[in-house]
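Just add 30 to the spot in the sequence shown (first one is 1) and you have the working numbering.
In this text, a Cβ means the ideal position worked out from N, Cα and C, and glycines have one as well.
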Amino acid sequence: MRINKQFIGAIGVGVVLLGAVFWHKTRGEAFWNEPTPTVSLKEAVGTVLAANPGTVAVDATLERENGGWAWEVELDNDLEVYIDAETNQIVKTEQGWDLGDVPVLSGFLLPN
Numbered sequence: 031m032r033i034n035k036q037f038i039g040a041i042g043v044g045v046v047l048l049g050a051v052f053w054h055k056t057r058g059e060a061f062w063n064e065p066t067p068t069v070s071l072k073e074a075v076g077t078v079l080a081a082n083p084g085t086v087a088v089d090a091t092l093e094r095e096n097g098g099w100a101w102e103v104e105l106d107n108d109l110e111v112y113i114d115a116e117t118n119q120i121v122k123t124e125q126g127w128d129l130g131d132v133p134v135l136s137g138f139l140l141p142n
């Protein structure tokens with residue numbers, strides 16, 4: 031009985047170690063070696079606010095976009111603006127949407 035528990039424990043430790051090695055090979059190296067963007071968060075937000083006067087930035091994240099890095103800046107009017115993290119140029123804008131904008135969903139999912 032005791033040997034079985036030790037054997038199962040050893041297999042469990044082996045599986046965890048193999049999982050850690052696999053994670054490091056597939057994600058770990060990329061995580062630690064991600065490039066630092068040339069454009070700072072402050073510069074990107076400044077560019078977005080200059081192009082959209084009267085708005086306020088509510089969230090910003092660095093994301094992969096078309097093979098490069100871009101700052102995604104979300105504004106208080108649900109507009110998402112993407113800034114190239116190397117050139118500080120606006121590369122894309124998207125209008126967010128609210129479930130209240132969809133009549134069929136608003137009646138079922140949102141409280142009155």
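Using the beta-carbon count (16 or more within 10 Å), is residue i buried or exposed?
{"i": "Glu59", "result": "Confidence is the limiting factor: at Glu59 the pLDDT is only 49, short of 50, which leaves the residue's position unreliable, though a coordinate-based value still follows. With fewer than 16 other Cβ atoms within 10 Å, it is exposed."}
{"i": "Pro67", "result": "buried"}
{"i": "Thr77", "result": "buried"}
{"i": "Ala81", "result": "exposed"}
{"i": "Ile113", "result": "buried"}
{"i": "Leu105", "result": "buried"}
Output the distance between the C-alpha atoms of residue i and residue j, rounded to the nearest integer angstrom.
{"i": "Ala50", "j": "Ala87", "result": "38 angstroms"}
{"i": "Arg94", "j": "Ile41", "result": "38 angstroms"}
{"i": "Ser70", "j": "Ile38", "result": "50 angstroms"}
{"i": "Asn34", "j": "Gly98", "result": "51 angstroms"}
Among all the DSSP beta bridges, which residues are the ones paired with residue i?
{"i": "Val103", "result": "Ala90, Val111"}
Between residue i and the rest of its own chain, which residues show a CB-CB distance below 6 angstroms, the 5 nearest in sequence each way excluded?
{"i": "Glu124", "result": "Glu110"}
{"i": "Lys122", "result": "Tyr112"}
Just to confirm my understanding: we take residue i, look at its own chain, exclude 5 residues before and 5 after, and list those with CB closer than 8 angstroms. What are they?
{"i": "Ala74", "result": "Ala90, Trp101, Val103, Ile113, Ala115, Asn118"}
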